[in-house]
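**Q** Before we start, here is the structure in question, set down as structure tokens.
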Amino acid sequence: GIRQVLAVTGDAIPESDRGFVKPVFNLNSIGLLQLIGQMNRDPFAGDPILAAAAVDPGSPNHDAEYGRACRKQEAGAGLFLTQPVFEERSLELVGRMRGAGMKVLIGLMPLLNWRNAQFLSHEVPGIRIPETILGRFFPKQDKEEALETGLAVILDLARRFRTQADGFYLIPPFNRSALISRFLARLSAENIVGQKGVSHDFDR
């Protein structure tokens, strides 16, 4: 059965859909964590569920994000997964959380090409990609060259981040698990795998 749950509130309903869809707020992420905690104390006491929560280390307000992470920890979160991380500034919040005893896995996601990088950087909330990385892609870049650039970017991030968190989890864009396999082979070749745990998320 399911023994790990990532508790998230979910994105707000797009403004264009608000006339047709109504939000439901019976539970948010903290309420779900508390519910899981209650179940772990009674029906699942012998085999508790690991409750994880999300955190956005790229948030412009680290104090507010840290405070929310603390409330999630108090509600029962035993692990935190970040949004995909591309910039060093995000490590400030990760370090602060770990200093408070929180376990944090950093999200790593390879970029596919210039269009993919631009879309994620400018259109997806919670993902911030610095110009130094965006500048490594260009509109008419060869497909394989772009993929190699994307792998090189997250390999460099893994080298720099591996001592700053409790591990990584890998996010294959458009479920391209073969791309993650290529990345894992390079992690292994550099002996990065094994020094810090690597988790896999093949459902995103």
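For the sequence shown, my numbering assigns the number 168 to the initial residue and increments by one for each residue that follows.
Heads up, the beta-carbon is just placed ideally off N, CA and C, and yes, glycines get one too.
Tell whether a beta-carbon distance below 8 Å holds between Gly274 and Thr299.
**A** Result no, Cβ atoms of Gly274 and Thr299 do not sit closer than 8 Å.
**Q** Can you name the start and end residues of the alpha helix (DSSP H) that Ala267 belongs to?
**A** Here Ala267 belongs to no alpha helix (DSSP H), and DSSP marks it neither H nor E.
**Q** Would you mind reading off the limits of the beta strand (DSSP E) that contains Ala220?
**A** Taken as a continuous stretch (DSSP letters only), the beta strand (DSSP E) holding Ala220 covers Leu217 to Val222.
**Q** Can you tell me the Cα-Cα spacing of Gly262 and Arg238, whole angstroms?
**A** Going from the Cα of Gly262 to the Cα of Arg238 covers about 17 Å.
**Q** Measure the CB-CB distance between Leu246 and Leu200 and report whether it falls below 8 Å.
**A** No, the pair does not count as a contact, with Cβ atoms beyond the cut-off.
**Q** With burial defined as no fewer than 16 other Cβ atoms inside 10 Å of the residue's Cβ, what is the status of Val291: buried or exposed?
**A** By the neighbour-count rule (16 or more Cβ atoms within 10 Å), Val291 is not buried but exposed.
**Q** By a C-beta neighbour count over all protein chains shown, 10 Å radius and 16 as the cutoff for buried, is Asn280 buried or exposed?
**A** Label assigned to Asn280: buried.
**Q** Who are the Cβ neighbours of Glu232 in its own chain at under 8 Å, not counting the five residues just before and after it?
**A** Closer than 8 Å at Cβ, skipping near neighbours: Val222, Asp223, Pro224, Ser226 and Leu260.
**Q** Please work out which residues of its chain come closer than 7 Å, Cβ to Cβ, to Ala325, disregarding the five sequence neighbours upstream and downstream, and give them in chain order.
**A** Once the five neighbours on either side are set aside, the close Cβ partners of Ala325 are Leu275, Phe335, Leu354 and Ile359.
**Q** Closest to Asn195 by C-alpha separation, out of Val188, Arg235, Gly186 and Gly213, would be which residue?
**A** Answer by Cα proximity: Arg235.
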